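**Student:** Have a look at the structure that comes next, please.
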Amino acid sequence: MSINPIVDVKKFKEDNEKMWVLTPDEEQRLLAECDKRNQKRKYLKDLVLFALHTGMRLDEILKLKKLDVHRSARYLLATDTKIGEGRSVPINDTVLKILKRQYKNNVSDYAFCNSKGQGLSVLTNAFWNAVEKSGLVRWEGEKKIRFRFHDLRHTFGSRLGMAGYDLKTIMEIMGHKTPRVAMRYQHPAPEHKLNAVKFLDQVPSNSTTDKILELETK
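The numbering used here puts the first residue of the sequence shown at 4, with every later residue one more than the last.
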């Protein structure tokens, strides 16, 4: 299936400017701070990791029930909170380990719950405190920009895009109905583009580009 999207360039640029894709160092700092949060039931670090490895929206994760998780078949069913439809999301080894930890002593119907066994309904201030402590804040003039939970979804999509996975695969995993939004993940980060050209350092040219070689004919 070929995809030939019509892109609103201005809107596309605005969407990209809103994205914050975690670097490996930023991810480690954020996870470390999440792990330090004082919670009766530890779930914040796993919640962040879960988003990084599934690309699911916060509401989708909070509403996820155990019955919707099929660990042996390696997928879960997410209710798309934006368009009201469900989709199948593949789960990797990291997600399986997260679920195993969160299911321990969990009598709730939900995959993630609080210390009282109740499903989570909101993202607590613990996340925002972790964001501040890990330094995931920047200033654009007088405007303060801080990393959002939804940027974990952006990070997931961007990492798949930079790994070379096709647009259709990313769309289906993340639940995008049109390619316009998913296309942002086909634009690699600056350091990824730098690594791409560095690859050429390892591939010496056999001839100069200012010389045209004629094909040999028999």
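All C-beta atoms in this analysis are idealised placements derived from N, C-alpha and C, irrespective of residue type, glycine included. Everything numeric in this text was worked out from a predicted model, so none of it was measured.
What does a CB cutoff of less than 6 Å around Arg149 pick up in its chain, not counting 5 residues either side in sequence?
**Tutor:** Correct list, in chain order: Val134 and Val140.
**Student:** Check for me: the beta strand (DSSP E) holding Ile148 runs from which residue to which?
**Tutor:** Lys146 to Arg149 is the span of the beta strand (DSSP E), which, as asked, contains Ile148.
**Student:** Roughly how many whole angstroms lie between the Cα atoms of Ile173 and Leu102?
**Tutor:** Their backbone Cα atoms lie some 23 Å apart in a straight line.
**Student:** Could you name the residues of the same chain whose beta carbon sits closer than 8 Å to that of Phe159, not counting the 5 residues immediately before and after it, in chain order?
**Tutor:** Correct list, in chain order: Ala54, Leu55, His56, Thr57, Gly58 and Met177.
**Student:** From the DSSP output, in three-state form, read off Thr57 for me.
**Tutor:** Three-state result, Thr57: helix.
**Student:** Does the distance from the CB of Glu36 to the CB of Lys136 come in under 7 Å?
**Tutor:** Going by C-beta atoms, Glu36 is nearer than 7 Å to Lys136.
**Student:** Measure the CB-CB distance between Ala129 and Leu50 and report whether it falls below 7 Å.
**Tutor:** Not closer than 7 Å, so no.
**Student:** Is Ser161 helix, strand or coil by DSSP?
**Tutor:** Ser161 falls in the helix class under three-state DSSP.
**Student:** Which same chain residues, not among the five before or five after Asn132, have their C-beta less than 8 Å away from its C-beta?
**Tutor:** Answer for Asn132: Glu36 and Arg40, listed in chain order.
**Student:** CA-CA distance, Gln121 and Gly167?
**Tutor:** Taking the straight line joining both Cα atoms gives about 39 Å.
**Student:** Look at the Cβ atom of Ser118, then the Cβ atom of Arg183, and state whether they are nearer than 7 Å.
**Tutor:** Contact: no.
**Student:** What does DSSP give as the partner residues of Leu70 in its beta bridges?
**Tutor:** DSSP, once it has assigned bridges, lists no residue as partnering Leu70.
**Student:** From the DSSP output, which residues share a beta bridge with Phe116?
**Tutor:** According to the sequence provided, residue 116 is Cys. The question's Phe does not apply to it. DSSP lists Gly122 as partners of Cys116.
**Student:** Excluding the 5 residues flanking Gln42 on each side, which residues of the same chain have their C-beta closer than 7 Å to its C-beta?
**Tutor:** Excluding residues within five positions, the ones whose Cβ falls inside 7 Å are Ala129.
**Student:** Roughly how many whole angstroms lie between the Cα atoms of Phe202 and Gly164?
**Tutor:** Cα-Cα distance, rounded: 18 Å.
**Student:** What residues match up with Glu143 in a beta bridge as DSSP calls it?
**Tutor:** In DSSP, Glu143 forms a bridge with Lys146.
**Student:** List the residues that DSSP assigns as beta-bridge partners of Pro93.
**Tutor:** Per DSSP, Tyr78.
**Student:** For Lys136, which of helix, strand or coil comes out of DSSP?
**Tutor:** Residue state, collapsed to three classes: helix.
**Student:** Straight-line CA distance for Arg156 to His73?
**Tutor:** So the alpha carbons of these two residues sit roughly 21 Å apart.
**Student:** Between the C-alpha atoms of Lys21 and Arg187, what's the straight-line distance to the nearest angstrom?
**Tutor:** In a straight line, the C-alpha of Lys21 is about 11 Å away from that of Arg187.
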